[in-house]
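In our numbering, the protein residues as written are 2 to 91. Everything on this sheet refers to the single structure shown next.
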């Protein structure tokens, strides 16, 4: 499952996508540039609360949560300005 979304970065809008990482469970969400698939942020379900979230939420809800968190915590900005993949808890 891939969800595309627009993200405001400074005075421009870039298109990003959120998708589930490889593996048997929806434990990781990758946020990437839609035009190049360059991964910017990896959100991982860590600890008991993260695993409970994965077990009880619908997959689309997990992607929505990840998109919200990326915006609220400015994780894309940190990835682009730091030129590194940012990792965070889902």
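Note that beta-carbon positions come from the ideal geometry of N, C-alpha and C, so glycine has one too. None of these values were measured; they are calculated from a predicted model.
Let me know if residue i comes out buried or exposed under the rule of 16 or more other beta-carbons within 10 Å of its beta-carbon.
i	result
residue 69	exposed
residue 84	exposed
residue 76	buried
residue 23	exposed
Between the Cα of residue i and the Cα atoms of the options, which residue gives the shortest distance?
i	options	result
residue 8	29, 72 and 39	72
residue 65	17, 36 and 80	17
residue 10	86, 89, 81 and 90	81
residue 19	67, 78 and 86	67
residue 5	58, 57 and 36	36
residue 63	31, 13 and 12	31
Leaving out five residues on either side along the sequence, give the residues of the same chain with a beta carbon under 8 angstroms from the beta carbon of residue i.
i	result
residue 50	none
residue 89	42, 43, 44, 45, 70, 74 and 76
Would a C-beta distance cut-off of 8 angstroms place residue i and residue j closer than the cut-off?
i	j	result
residue 3	residue 34	no
residue 52	residue 29	no
Once you ignore the five residues that flank residue i on each side, which residues in its own chain have a CB closer than 7 angstroms to its CB?
i	result
residue 47	90
Excluding sequence positions up to five away, which residues of its chain have a Cβ less than 6 angstroms from the Cβ of residue i?
i	result
residue 79	87
Every unbroken beta strand (DSSP E) within the stretch 9 to 81, with a cutoff of 3 residues, ordered by chain: List check, beta strand (DSSP E) in window: 13 to 21, 29 to 34 and 40 to 45.
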